[in-house]
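A.B. asks: The structure under discussion is supplied below as structure tokens; questions concerning it will follow.
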Amino acid sequence: MSADTAAANLLEVRGLTKIFGTLKACDAVDLTIRKGEIHALLGENGAGKSTLVKMLFGSLEPYSGEIRWNGQPVKIANPNAARKLGIGMVFQHFSLFEALSAAENIALSLDDQTPISTIAAKAQALSYSYGLPLDPYSLVGDLSVGERQRIEIIRCLLQTPDLIILDEPTSVLTPQEADKLFETLERLRAEGKSILYISHRLEEVKRMCDAATVMRHGKVVAHCDPRQETAASLARMMVGSEVHAVVRAPVEGIETAEALLEVRNLSRKPATPFSMALKNISLNVRAGEVIGIAGVAGNGQGEFFEAVSGEAMQPDAGTIRIRGKDAGRLSITGRRLLGAAFVPEERLGHGAAPRMKLSENLFLSRYATDSKAFLGPAGFVKESAIDAATQRIIQEMDVRKSARDPEAAALSGGNLQKFIIGRELDRRPTVMVVNQPTWGVDAGAAAKIRQSLIELARSGSAVLVISQDLDELFEISDAISVMHNGELSKPLPRAEATFEKIGLLMGGAEPGHADPGLESV
Amino acid sequence: MRIELVRRPQHSVLFSTLSPFMALGLTLIAGAIMFSVLGKNPVDALYYYFIDPLTGIWDPSNRWQLHELAIKAAPLILIAVGLSVCYLSNNWNIGAEGQFIVGAIVGSFIPVMFPGFHSWIVLPLMLILGMAGGAAYAAIPAFFKVRFNTNEILTSLMLVYVAQLFNDWLVRGIWRNPEGMSFPGTIRFSEWAILPQIWPDAGRAHWGFVFALVAAVLVWFMLSKTLKGFEVKVLGQSPRAGRFAGFSSGKVVFFAFLLSGALAGLAGICEAAGPIEHLNEKISIGYGFTAIIVAFLGRLNPLGIVAAGIILALTYLGGESAQIAIGVSDKAVRAFQGMLLFFVLACDTLIHYRVRIVGTSGMKAEAGKAGAV
Chain D
1 MSADTAAANL
11 LEVRGLTKIF
21 GTLKACDAVD
31 LTIRKGEIHA
41 LLGENGAGKS
51 TLVKMLFGSL
61 EPYSGEIRWN
71 GQPVKIANPN
81 AARKLGIGMV
91 FQHFSLFEAL
101 SAAENIALSL
111 DDQTPISTIA
121 AKAQALSYSY
131 GLPLDPYSLV
141 GDLSVGERQR
151 IEIIRCLLQT
161 PDLIILDEPT
171 SVLTPQEADK
181 LFETLERLRA
191 EGKSILYISH
201 RLEEVKRMCD
211 AATVMRHGKV
221 VAHCDPRQET
231 AASLARMMVG
241 SEVHAVVRAP
251 VEGIETAEAL
261 LEVRNLSRKP
271 ATPFSMALKN
281 ISLNVRAGEV
291 IGIAGVAGNG
301 QGEFFEAVSG
311 EAMQPDAGTI
321 RIRGKDAGRL
331 SITGRRLLGA
341 AFVPEERLGH
351 GAAPRMKLSE
361 NLFLSRYATD
371 SKAFLGPAGF
381 VKESAIDAAT
391 QRIIQEMDVR
401 KSARDPEAAA
411 LSGGNLQKFI
421 IGRELDRRPT
431 VMVVNQPTWG
441 VDAGAAAKIR
451 QSLIELARSG
461 SAVLVISQDL
471 DELFEISDAI
481 SVMHNGELSK
491 PLPRAEATFE
501 KIGLLMGGAE
511 PGHADPGLES
521 V
Chain L
1001 MRIELVRRPQ
1011 HSVLFSTLSP
1021 FMALGLTLIA
1031 GAIMFSVLGK
1041 NPVDALYYYF
1051 IDPLTGIWDP
1061 SNRWQLHELA
1071 IKAAPLILIA
1081 VGLSVCYLSN
1091 NWNIGAEGQF
1101 IVGAIVGSFI
1111 PVMFPGFHSW
1121 IVLPLMLILG
1131 MAGGAAYAAI
1141 PAFFKVRFNT
1151 NEILTSLMLV
1161 YVAQLFNDWL
1171 VRGIWRNPEG
1181 MSFPGTIRFS
1191 EWAILPQIWP
1201 DAGRAHWGFV
1211 FALVAAVLVW
1221 FMLSKTLKGF
1231 EVKVLGQSPR
1241 AGRFAGFSSG
1251 KVVFFAFLLS
1261 GALAGLAGIC
1271 EAAGPIEHLN
1281 EKISIGYGFT
1291 AIIVAFLGRL
1301 NPLGIVAAGI
1311 ILALTYLGGE
1321 SAQIAIGVSD
1331 KAVRAFQGML
1341 LFFVLACDTL
1351 IHYRVRIVGT
1361 SGMKAEAGKA
1371 GAV
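Have a look at this one:
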């Protein structure tokens, strides 16, 4: 890229630095994005990618350094200024008001007084042309993670920016949908627009991106052409050492193993007008196996998780059976006492209380199962025992934090997820149900989480993983089912499953639920 | 230039401690300004408000004033301790004033209807009935909240006026003392129905103050050391995480309302059976509302509430002494209390946020970050 003239550079960043207290989140970062290129920004969680893009988008003020836009030095004071320059951003953590509709949220980021109906029509047209179907009048609060991201992408595209920053955009899409998004991005590139693409999916980056900047610990460690690299070499640059591939040893005799988690004809009416009904779902998870549930966000995974965990109870006790006992009418505490453990999708506010310390968050899900260790007479809380267990989990899962026992909200997403998974693994649960185990978690931590789920299964537990990340499911599952429109397909054994087959099921082909009598797993 | 509030990654321990003191200091400054505007010497006024009632500490002849302080502080602490449980669990019980009055009414039932019933058991029965009355009255907004998802701020507040008017009707009507010269109020309670004084020789302070201290310690222990307290705090901060933990939000709504109603009811019957010795139409001088300020000034921590209750009790006594000595209207007390609540809530912002002043260099002051950034 050095051979090109400066005129071809849309954005040049020189020596950009941001300091939080004593931490250099970005240390003299250089970045050059040319017109009409898709530029990958790679790095583990905490490498400084988010800080860098927040400075480019005006959410954070740089400590020192220079940003040049079309060759002119600019100061980006706030997101409005960034939008005026022509920078659009799709955040990984969405900035949407839950109480407003999709179209209203889009209207909020536009300066003019365009009526909502016009925006809704434009948004809908754009969403269908880019393969991201969306009802502009649906309330954000009722939408799933994937659907919320569609709003963000469409909101950004509506402003026809010159530079689009995408933070992990494909993590919630089916392979076919991701392909459509890539087509969209390629079309945008052909129109001369530039894209800064943040992703952990190295194959994607290799396939699509023209240039890459790799960050580690706040510094740029490499500028490279991803097409000249291998996924392994990119990973090595990101992590600074080899990433251990997840090992999944095949299991013998799973057909005869005891079913530890049984779901029998589970149906559920939609709890809100926008949520999904569950239709006659049946599934067995046996001792020793990992079953993956694939599906596009918003197809009933959240509702299914609530029904299995007991946050929503069933009228018929036999609908959910844990270790052979009817659990349908048990609360989440009752199901935990049978040996089950649950990890929900949302870390902050569901799996953990943001403003409570890690030790209190450990107590949150384990006060009942570990009542002998953690509780004294009259509900007296034994803080020292909880603290010891907290430190044990922190050590076991390599949770990185700023204080001995920080508030959950003070941890990065990946580290909090390691803690929440570790909190449940530490119990050695017989049944483990995890929704989105590694969403937004860096490669090193994700590999650790996946490996630990496989090891839990191989030690004789039943593990059910709901995920929108197909790579992940193919890495860890012994069989994969697909949830679509509130129905669950028959599990495909790992050997028979391909991306194409699963992708078609995710898109709604061959709907139909599993017949428990005919399960081939 | 613009001023930004930047969220702290962790809450500041320094400012959680400092915040009530900063609020007190700011209230004193604002109070001094208020008295100057009223044409009074602010130093004198503040002296009568905050120092004069405390002269009993070093002057034995004024020791009775400390007892008066304890009399005023007892109901404030009792009510605020219960309110802290409500507010920590995100239940906005504004109706403690009504629960206080209903507690006083129900607790007065025995001495008013059976004045000849003389036994040691009368007083314990009155206290239990007072607590039951307050709790039952608080159960109404709790039930409506759980069953119909009504807003408890409105229902609990509206029930205050119902209780006030019902009490007014009682003491002017069927419960009026026939020998009371047509003044509203019941007959004087028998000596078996009077809450004893702690040191009768020194002043009038009654056992209600002891109950308040015991309640504060017990509730503090419950909140900070037991599973129930954890449940209250989780559901207050993060309801979805609370459900994930397996806690029932409906049960905690009832728990918080019943507990705070019972404590407010106990305060009510202690007031009737203590310093007043009968039930009248002015049984409360706004204790139930002032206790909201006490709860927040005490950082919703029962031990902090003890200190905060004494400070607010001081404003009541100081208001009286300032009115007598320099003729400040007794309405100034309410202004003081209001300013205190205002400054407490404002200073509490500093616990979770720090103030950052951003220079003007080349940026527009419009900090309108569209969207919820």
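Residue numbers (our numbering), protein chains in the order written: chain D, 1 to 521; chain L, 1001 to 1373. The beta carbon of each residue, even a glycine, is placed where N, CA and C say it ideally should be.
#1: Quick test of your reading: residue 194/D and residue 39/D, contact by CB under 8 Å. State the CB separation rounded to the nearest angstrom.
#2: Is it the case that the region 1312-1319 of chain L contacts the region 1059-1079 of chain L, given that we only count it when at least three CB pairs across the two stretches are under 8 Å?
#3: Please state the DSSP three-state secondary structure of residue 51/D.
#4: For residue 69/D, which beta-bridge partners are listed by DSSP?
#5: In three-state DSSP terms, what is residue 512/D?
#6: According to DSSP, residue 1181/L sits in a beta bridge with which residue or residues?
#7: Grouping DSSP H, G and I as helix and E and B as strand, with all else coil, what is residue 1161/L?
#8: Output needed for residue 1326/L: all residues of its chain with C-beta closer than 8 Å, excluding positions within five of it in sequence on either side, in chain order.
#9: Got a sec: which bits of the region 1217-1242 of chain L sit with their beta carbon under 7 Å from any beta carbon on chain D, in order along the chain?
#10: Is the beta carbon of residue 74/D within less than 7 Å of some heavy atom of the ligand GDP?
#11: Under 7 Å Cβ-Cβ, which residues of chain C neighbour residue 1009/L?
#12: I want to see whether chain L comes within less than 8 Å of residue 380/D, judged by CB atoms only; does it?
#13: Taking buried to mean at least 16 other C-beta atoms within 10 Å of its own C-beta, is residue 374/D buried or exposed?
#14: At least one CB of chain D closer than 8 Å to the CB of residue 1250/L: is that the case?
#15: Would you kindly check if the distance between the Cβ of residue 1094/L and the Cβ of residue 1283/L is under 8 Å?
#16: Count the other C-beta atoms from every protein chain shown that fall within 10 angstroms of the C-beta of residue 1118/L, then say buried if there are 16 or more, exposed otherwise.
#17: How would you label residue 1126/L, buried or exposed, when you count the other beta carbons within 10 angstroms and need 16 or more for buried?
#18: Secondary structure at residue 1010/L, three-state DSSP: helix, strand or coil?
#19: Under three-state DSSP, which class holds residue 201/D?
#20: Is it true that the CB of residue 58/D sits closer than 8 Å to the CB of residue 73/D?
#21: Could you say which of 1012/L, 1078/L and 1054/L lies nearest to residue 1213/L if we only look at CA atoms?
#22: Over what stretch of residues does the beta strand (DSSP E) that includes residue 342/D continue unbroken?
#23: Grab the span of the beta strand (DSSP E) containing residue 1353/L for me, first residue to last.
#24: Using 8 Å as the Cβ pair cut-off and three pairs as the minimum, do the region 1253-1271 of chain L and the region 1137-1150 of chain L touch?
#25: Between the C-alpha atoms of residue 380/D and residue 1216/L, what's the straight-line distance to the nearest angstrom?
#26: At the level of alpha carbons, what is the spacing between residue 1060/L and residue 1051/L?
#27: Is it the case that the Cβ atoms of residue 1208/L and residue 1100/L are separated by a distance below 8 Å?
#28: Do you know whose CA, among 289/D, 412/D, 431/D and 301/D, lies nearest residue 489/D's CA?
#29: Is the region 194-214 of chain D touching the region 154-173 of chain D, taking contact as three or more C-beta pairs under 8 Å?
#30: For residue 167/D, which beta-bridge partners are listed by DSSP?
#31: When the Cα of residue 1089/L is compared with those of 1033/L, 1152/L and 1098/L, which residue comes out closest?
#32: Find the residues of chain L that neighbour residue 82/D, judging by a C-beta separation of less than 9 Å, and give them in chain order.
#33: Consult DSSP for residue 20/D and reduce its assignment to one of helix, strand or coil.
#34: Quick one: is residue 423/D buried, meaning 16 or more other Cβ sit within 10 Å of its Cβ, or exposed?
#35: Using DSSP's beta-bridge definition, name the partner residues of residue 101/D.
#36: Under 8 Å between C-beta atoms, does residue 1244/L make it to chain D?
C.D. replies: Short version:
#1: 7 Å
#2: yes
#3: helix
#4: 11/D and 72/D
#5: Because the pLDDT of residue 512/D is 46, which lies under 50, any placement of that residue in the model is unreliable, and the number read from its coordinates should be weighed accordingly. Here residue 512/D sits in coil by DSSP.
#6: DSSP output for residue 1181/L lists no bridge partner at all.
#7: helix
#8: 1040, 1041, 1044, 1045 and 1048
#9: 1225, 1226, 1227, 1228, 1230, 1234, 1237, 1238, 1240 and 1241
#10: Of ligands this structure carries none, so the ligand GDP is not represented either.
#11: No chain C appears in this structure, whose protein chains are D and L.
#12: yes
#13: buried
#14: no
#15: no
#16: exposed
#17: buried
#18: coil
#19: coil
#20: no
#21: 1078/L
#22: 340-343
#23: 1353-1358
#24: yes
#25: 17 Å
#26: 15 Å
#27: no
#28: 301/D
#29: yes
#30: 198/D
#31: 1152/L
#32: Correct list: empty, because the minimum Cβ distance to chain L is about 10 Å.
#33: strand
#34: buried
#35: 139/D
#36: yes
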